[in-house]
Amino acid sequence: SYTTNTAVEYLKFNNVKVDAIGGNGKMEDRKRALESFRTVKIQVLIASDVAARGLVIKGVTHIFNLDIPEDSNDYLHRAGRVGRAGETGDVLSLVDDREESLIKLHENNFKINIQQKRLYKGNVE
Numbered sequence: 001s002y003t004t005n006t007a008v009e010y011l012k013f014n015n016v017k018v019d020a021i022g023g024n025g026k027m028e029d030r031k032r033a034l035e036s037f038r039t040v041k042i043q044v045l046i047a048s049d050v051a052a053r054g055l056v057i058k059g060v061t062h063i064f065n066l067d068i069p070e071d072s073n074d075y076l077h078r079a080g081r082v083g084r085a086g087e088t089g090d091v092l093s094l095v096d097d098r099e100e101s102l103i104k105l106h107e108n109n110f111k112i113n114i115q116q117k118r119l120y121k122g123n124v125e
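Sequence positions in the sequence shown follow UniProt numbering and run 1 to 125.
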């Protein structure tokens, strides 16, 4: 799985306007990053689980999971950042073979069906 810093550096290298907030970050850095995201100065905001707790940001249309939480409630909390107040959104999770059992666990716990697609050489199949 990717770390927050790895994801930020990769996106910046590919000219994506991005910032990140983490649980260990300074409050002023967190506020600056959130304001940049709200005002669309950045396209992507990466947040650790700790930093994302309690975040409510209108207009979030996509959540990307770079790893899969072991706890189903943590998975639900992440997914719940999108599609709030009647809005729609998508949750996309990058899953490796070791994490497939976690997806099945979350599906069973919430009685949902998570659509699976394969990513191969940069193409979704």
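Think of the CB as a built atom: it goes at the ideal place given N, C-alpha and C, for glycine as much as any other residue.
Residue 103 in three-state terms, based on DSSP: Within the sequence shown, the letter at position 103 stands for residue 103. Three-state result, residue 103: helix.
Hey, would you say residue 21 sits closer than 7 Å to residue 30, going by beta carbons? Indexing the sequence shown from 1 puts residue 21 at position 21. Indexing the sequence shown from 1 puts residue 30 at position 30. Yes, the pair counts as a contact, with Cβ atoms nearer than the cut-off.
Enumerate in chain order the residues of its own chain whose CB-to-CB distance from residue 64 is below 6 Å, with the five nearest sequence positions on each side excluded. Translated into the one-based positions of the sequence shown, residue 64 becomes position 64. Same-chain partners within the cutoff: 92.
At which residues does the alpha helix (DSSP H) containing residue 50 begin and terminate? Taking the sequence shown and counting its residues from 1, the one referred to as residue 50 is at position 50. Residues 49-52.
What does the alpha-carbon distance come out to for the pair residue 94 and residue 68? Within the sequence shown, numbered from 1, the residue matching residue 94 stands at position 94. Within the sequence shown, numbered from 1, the residue matching residue 68 stands at position 68. Between residue 94 and residue 68, the C-alpha separation is close to 8 Å.
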